[in-house]
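Heads up: the sequence lines are chains A, B and C, in that order.
Take any residue in the first sequence, count from 1 to its spot, add 125: that is its number in the working numbering.
Take any residue in the second sequence, count from 1 to its spot, add 150: that is its number in the working numbering.
Take any residue in the third sequence, count from 1 to its spot, add 75: that is its number in the working numbering.
Beta carbons: idealized from backbone N, C-alpha and C, even for Gly.
Worksheet: the structure to be examined is printed underneath.
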Amino acid sequence: MALETQLLRDFCQEGTLTFRVRDECMTPVIFEGENVIVTPCRFYWPGDILVFHQGDACLHIHRLIAYRLKGRSLQLLTRGDRSESFDAPIHLDQVIGKVKAVSSRGGRDSLRRIWPLARGIIDLGRMAAHLLVSRIRRVCSAQNT
Amino acid sequence: MFGAKYLTHPETLTQWNTGLPLAQATTELCFAGDRYRFTGLSMEQRDLVEKIYPSCWERLGSEAPGLTDVSVFYKAESEFREIELKGWQYDLDIMYSETMVQIAGLGFAAKIVWTPRLRGYLWTREQGGEAFHGAFENFLRILIAYRLLERGGVLLHSATLTTDTGASLFIGRSGQGKSTLSTMALHAGKRVLSDDLNAVVIQGGFPWVIWVPFHGDVASPFQRPLSIPLQAFYTLEKSCGNEVSLEPKTQMLAHLISCSPYVNLDPYRYDRLIECLNQMCGRARCWRLKFRKDDGFLDLLAGNLISEERRARTGSGNISCAR
Amino acid sequence: MANIEKIYARSSEVRYRILEDQAVVVRQDVAQVFVLSEVGARVLELLDGKRKLTDVRNLLLLEYAVDEAQLEQDLNEYINRLKEAGIIHCSEDW
């Protein structure tokens, strides 16, 4: 399955891929029969809807809830919006991409972008605004003794 | 009020446009493809500067080296506050405006102006020794940072490891592991350009890392070549294992802004900084390195480089490597 | 809780740039850096000091596949987080 995942990811990188949804686990965001447009990313935010495989024959489309560090590896915890329990944890290399937009089957409905949960701020902390010559600190500490 | 921490009459700083030089000695330093001419030094100051900063210059591309003039003046002790140093946290006072940056620090004040060419003025009470060296270098770092920005480059708080084919630049604020990583790399026989500050300049559309004479705990004397193509940026994280993974470009840009000291707080030149960093991100790979305190990460980096070259040739997708 | 009738704007010390659907935000007054997600970047773009939060909500409802209650809850939470981070302020606080 790793090779097929890699191939699908490669196709995604050339453009986007479209999948048809066959389940109702993501309603009302995505209904059965709708098409989802998938694009690969370097980083997935909690709240993104991911397309991934879990070693079985079909692809899953569920929402990323959180990351978890287990031992030395980073696991992704996903769940369908209408599911009561989490999926088995997955790794980043099992992910094809994230759902960028949803298009209804037939008709002329416009594309609707996916609204993830509102967790989208990463605080990288303070900047190295001033870097002072360290010898000044040594001068100060020498004078302090 | 700006300068009140260091100057007895900070309100007069705007009128400091000239002054009395200590003497008439002149020296010229060459860094990162540019020349910096300092006038008004005493013999002692000049000898100290020339001893500490070896003049090392390589022409970068076809661009002729620029010349930045700096006038150094003596200012009486009475103009500067006496500061109780015990338990004191040193910081610089910097005021930004469209045509000028004003700086006040321990025993010195300075201006960097664009009228229209970049020019510097340094007033100091220090006549020599460590205190003069400290004032001089604190000003020189800021001057070089702004000159690099003019040329489409940036001074980055980073460590750089180099091979024959290129450089890997490790971004991180104080305490994130740059010196640790540099020390381990040196012990393993690798070449470290600097573990504190590195200059990155776009030349011919590609980023190059250039040696500048600023280091932290790991002092690496200059050795040719002084400039080397930049292959990859790495953000650093101390960890219990060694792992390399992709860093999203946006986050790498945020880290780069965070590690561009002196200019990252300047609202008048912020757009220029973003433009330069964005261009660099687009031309070098962006990775995240988690490393532990053995040198196993060096093999991981070497393997990463080989995998990158293979991927560039075959056009396959992105994979994170873990060990 | 953010009031839906209020107007929010980016703080004057904040600089931001949108790249690859995400936003890099810098607060130069306290030397801090943030990264916002795609939706976060869009919300920040819309908080221009002229739109009420209710207008922002209505625009987002048109652009995204989400029900109104969920969007309003998430938007309130997000506005509070942006306020805590000092990236935006409310017009009443000017």
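| Item | Value |
| --- | --- |
| Can you name the residues of chain B whose CB is closer than 7 Å to the CB of R92(C)? | I424 |
| Would you verify that the beta carbon of L299(B) is, or is not, closer than 8 Å to some beta carbon of chain C? | no |
| For a test of the three-state rule: what should DSSP assign to S112(C), helix, strand or coil? | coil |
| Once you ignore the five residues that flank R341(B) on each side, which residues in its own chain have a CB closer than 6 Å to its CB? | T312 |
| With 8 Å as the threshold, decide whether the Cβ of A191(A) is near any Cβ in chain B. | no |
| Taking the alpha carbon of L256(B) as the reference point, which residue from F152(B), Y240(B), M430(B) has its own alpha carbon closest? | Y240(B) |
| If you draw a straight line from the C-alpha of R147(A) to the C-alpha of G158(A), how long is it? | 6 Å |
| Look at F223(B) and G190(B) and say whether their C-beta atoms are less than 8 Å apart. | yes |
| Going along the segment 306-321 of chain B in order, which residues come within less than 8 Å of chain C, judged by CB to CB distance? | none |
| Using a Cβ-Cβ distance under 8 Å, would V176(A) count as near chain C? | no |
| So which residues of chain A does Y412(B) contact, with C-beta pairs closer than 7 Å? | H255 |
| Buried or exposed, going by whether 16 or more other CB atoms sit within 10 Å of the CB of T168(B)? | exposed |
| D241(B): beta carbon under 7 Å from a heavy atom of the ligand MN? | The ligand content of the structure shown is nil, which means the ligand MN is not present either. |
| On the criterion of 16 or more Cβ atoms from any shown chain inside 10 Å, does N133(C) qualify as buried, or is it exposed? | exposed |
| Put P413(B) into one of helix, strand or coil per three-state DSSP. | Here residue 413(B) turns out to be Val, not Pro, going by the sequence shown. Looking at V413(B) - three-state DSSP - the assignment turns out to be coil, as it is neither helix nor strand. |
| Cα separation between S324(B) and T143(A)? | 45 Å |
| So for I407(B), helix, strand or coil by DSSP? | helix |
| Our contact map puts T164(A) next to K225(A) with C-beta atoms below 8 Å; I'd like the distance itself, whole angstroms only. | 5 Å |
| Which same chain residues, not among the five before or five after F447(B), have their C-beta less than 6 Å away from its C-beta? | N392, F441 |
| If you reduce the DSSP assignment to three classes, tell me which class Y156(B) lands in. | coil |
| Whole angstroms are fine: how far does the CA of S228(A) sit from the CA of I79(C)? | 30 Å |
| For R419(B), which residues from the same chain have a beta carbon less than 7 Å from its beta carbon, with the 5 sequence-adjacent residues on both sides left out? | L299, V413 |
| Check whether chain F comes within 8 Å of M252(A), counting only Cβ atoms and requiring the distance to be less than that. | The displayed structure is made up of protein chains A, B and C, and chain F is not among them. |
| Tell me, which residues are paired with N78(C) by DSSP? | None; N78(C) has no bridge partner. |
| Between V110(C) and the rest of its own chain, which residues show a CB-CB distance below 8 Å, the 5 nearest in sequence each way excluded? | Q97, A98, V99, V100 |
| Compare the C-beta of E138(C) with all C-beta atoms of chain A and state if any pair is closer than 8 Å. | yes |
| For R233(A), which residues from the same chain have a beta carbon less than 7 Å from its beta carbon, with the 5 sequence-adjacent residues on both sides left out? | Note that R233(A) scores a pLDDT of 39, beneath 50, so its modelled location is shaky and nothing firm can be said. |
| When you compare only the Cα positions, how much space is there between A335(B) and T158(B)? | 47 Å |
| With 8 Å as the threshold, decide whether the Cβ of L201(A) is near any Cβ in chain B. | no |
| Can you list the alpha helix (DSSP H) stretches of 4 or more residues lying completely in the segment 156-197 of chain A, in chain order? | none |
| With 7 Å as the C-beta to C-beta threshold (strictly closer), list the residues of the segment 145-163 of chain A near chain C in chain order. | P153, V154 |
| For a minimum of 4 consecutive residues, which ranges assigned as the alpha helix (DSSP H) are wholly contained in the segment 187-263 of chain B? | 193-202 |
| Kindly indicate the opening and closing residues of the alpha helix (DSSP H) around A382(B). | Premise fails: A382(B) lies in the beta strand (DSSP E), 377-388, not in any alpha helix (DSSP H). |
| DSSP on I292(B), reduced to helix/strand/coil? | helix |
| Give the residues of chain A in contact with G161(C), contact being defined as C-beta atoms less than 7 Å apart. | What G161(C) touches in chain A: nothing, since even the nearest Cβ is about 11 Å away. |
| So is L142(A) in contact with chain B if we call contact Cβ pairs under 8 Å? | no |
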